[in-house]
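Here is the structure we will look at.
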Amino acid sequence: MSTQSKKKPFIGTAGIILFLSIAILVVFVAFPVILILFNAFWAKGEFNLVDVVNVLREPDTYQALLNSVFIACGTTIGSTIVGTFFAWLVTRTDLPYKNFMKGLFLVPFMLPSFIGALAWKMLLSPRAGYINRFFMDYFGFEEPVFNIYSYYGIMAVEVMYLFPFVFIQVCGALERMDPTLEESARISGAGLFTITRRITIPLVLPSILSGSLLIMLYSMAHFGTVAVLGIENGIFNIPTLIYERIHQSAGSFAAIRTGTVLATVLVVSAAFIIWLQGKILSKGRYQIIAGKSFRPMELKLRGLRYPLLIFCLAYIGFTIVLPTAVIFMVGGLKTYGLPFTMENLSLDNYKFILFDYKTTKDAIWNSVSLGLSAAVITMFAGVMISYVIVKMKVRGKGVLEFLGMLPFSVPGSVIALGVILAWSGKFGINLYNSVWIILVAYIARYMAFSLKANSAALEQVHDSLIEAARACGATMWQSLRDIVLPLVKPGMFAAFFLIFLPSLRELTVSIMLYAPTTRTIGVAIYTLNEDGETVMSAALAGIALVIIITGQTVISRLTGASAKG
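Read in this note's numbering, the sequence shown has 221 at position 221, and its numbers run on one by one without any break.
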């Protein structure tokens, strides 16, 4: 009898955890995505494929689809070349200061690409851009040398900020690769570039393709860069067209219907890309990790060592340092277009943004409060759902894992549109035009981050610890509180910051859901720029960069300290 009485609370607790996990994922994730598909193909209670075809055949829709594919392909090719080259340099050659350079190449990963696009707009816009004006004023050019408002301008900016997707994957593969084949080729007389072209690159091809597909997925769904650099020249991709249709029509039914059709295209594209990535990674014909530990062979660059180091530093300086510096300097100007002299620069704009301008003060408060709320809620929900996936032996937990990771593969504009359909009053709850609808979207958007971090932490907690506590008479709740939660704190901590920092710079979801009083930092930067308030937009972007870089530094130090401990 006593044994049975001890088991009942366990069954009850397990049932509650399982039920809550399913409910959270269904309500926040599955329901909005299902509504997207339902509204795209059903009209007036009937399956309607004709309207879908008509939407896709509209000239604007067709052009946006072509633009999305063209920009994504160009960005993917450029990012793959850049990321693979730099990964090879820092892992397989004797480039000086390799660890330092590897850290620098990861910096673009933490910076918002739409702020980078804003900076390059200030540098390379045809008439007002500082670089174009420099060439026209000092070298006698009558026409602008560069036009950032173009397909190639958009691709170039996206490459600057997306190449780390390939860089990280290829670095990992190259560091773990058995160098025996390279050594054999070298003994046989093959040169550096022959070895790289015919042996190294083919062996790490799955990692290259995996990173490339991630970039393709991201670029297809990316809003910020195309919105800042494309709309002004009539270049729309699918996310910007969805935003434009809904924004211009104030959320009319016809616009939302068009948006759901376009969102379905993004969902299908994302599903295909993820399926293709899985097929590539599942192939076993590229076996590059041997059974024993090898130290990767370093290829001698000889006379190219320092020229290549200078090239790497110049690349980082031109693509990251220059635009970041321009953001801060333009934010300090009295009026946009003035030269960067001491009499034209001050901190007045930054003080105004932080302490006097209600729009930006509210935006900063909204972003910080939304980020903290989403991080806390999603962190604890992620622990609970991860516990079901990792530790509980229940049927169907694979479905939970799929639902939890779904938002990671679904574009932000799709999440936002699904949240509009789900929580705008049709089902009894109306969150539209409130800060709560953005919070709901953030929870759905970043749930996968929490699941990844917490699942990894829970994998390290051996089942025997919980069993021992249960054998000593502890209830299930006591076991979770006193043993599991303290041990998975590092994972929870990582999940918190993995959600909090991206939400501070988030734009794609917020731009679809904001109201006049619920602007976030990303939305405020974008709308100020669109309204011609370039100096104010740059000042707020500079403040956002300070917050993001400070947060990233704190994370690095704390995670480093916890790792040492």
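Just so you know, even glycine gets a beta-carbon here, dropped at the ideal spot from N, CA and C.
Look at F47 here: in three-state DSSP terms it is strand. In the three-state reduction of the DSSP assignment, S346 falls in the coil class, being assigned neither a helical nor a strand state. Judged by their CB atoms, A456 and G491 are nearer to each other than the 8 angstroms cut-off. Note on geometry: alpha-carbon atoms of T534 and T518 lie some 21 angstroms from one another.
Going by C-alpha positions, T553 is about 32 angstroms away from P239. Short of 8 angstroms from the beta carbon of F500, and not among the five residues preceding or following it, lie these beta carbons of its own chain, in chain order: G371, L372, A374, A375 and G551. The criterion of a C-beta distance shorter than 8 angstroms is satisfied by L266 and A221.
Spanning the alpha carbons of C171 and W423 requires a straight line of approximately 43 angstroms. Between T508 and G412, the beta carbon gap of about 3 angstroms places them in contact (Cβ cut-off 8 angstroms). Excluding residues up to 5 positions away in sequence, F114, A117, L118, K121, Y526 and N529 lie with their Cβ nearer than 8 angstroms to the Cβ of V228 in the same chain.
A straight line joining the alpha-carbon of G129 with that of I16 spans about 59 angstroms.
Counting of Cβ neighbours within 10 angstroms places V383 among the buried residues, the total reaching 16 or more.
For the options G153, C73, F31 and R305, the alpha carbon positioned closest to that of T319 is the one of G153.
Look at the beta carbons and you see the region 473-489 not touching the region 429-443: under three pairs across the two are nearer than 8 angstroms. Around the beta carbon of S68, 16 or more other beta carbons lie within 10 angstroms, which makes this residue buried.
With respect to the 8 angstroms criterion, A72 and S219 are classified as neighbours on the basis of their beta carbons. Distances from the CA of I555 to each of A495, V394 and V414 were compared; the closest alpha carbon is that of A495. L123 is not a Cβ neighbour of V388, given a cutoff of 8 angstroms. The region 450-469 makes no contact with the region 336-356: fewer than 3 CB pairs, one atom from each, lie closer than 8 angstroms. Per DSSP, reduced to three states, the secondary structure at N433 is coil, with no helix or strand assignment.
Just measuring C-alpha positions, the residue of A474, Y442, V394 and G428 sitting nearest I22 is V394. In this structure, the beta-carbon distance from R305 to L95 falls below 8 angstroms. When C-alpha distances from T520 are compared across S367, G532, L498 and V488, the shortest belongs to S367.
Looking from the CA of I131, the closest CA among A64, L485 and G337 belongs to G337.
Ranked by Cα distance from A539, the first of I24, N147 and K334 is K334. One Cα belongs to L417, the other to M136, and the distance between them is close to 45 angstroms.
Residue pairing from DSSP places W42 in a beta bridge opposite F47.
In the structure shown, T93 falls within a strand segment according to DSSP collapsed to helix, strand and coil.
Residue environment: G542 is assigned as buried (16 or more neighbouring CB atoms within 10 Å of its CB, all protein chains considered). When C-alpha distances from V523 are compared across A441, A363 and L37, the shortest belongs to A363. Residues M329 of the same chain have their beta carbon placed closer than 6 angstroms to that of F340, with the five preceding and five following residues left out of the count.
A straight-line Cα-Cα distance of about 40 angstroms links L504 and A474.
Per the Cβ contact rule, the region 159-166 is in contact with the region 74-88 (3 or more Cβ pairs under 8 angstroms). DSSP places S150 in the coil class of the three-state scheme, outside both helix and strand.
With respect to the C-alpha of L37, the residue from V157, P108 and V52 having the closest C-alpha is V52. Y151 is a Cβ neighbour of I235, given a cutoff of 8 angstroms.
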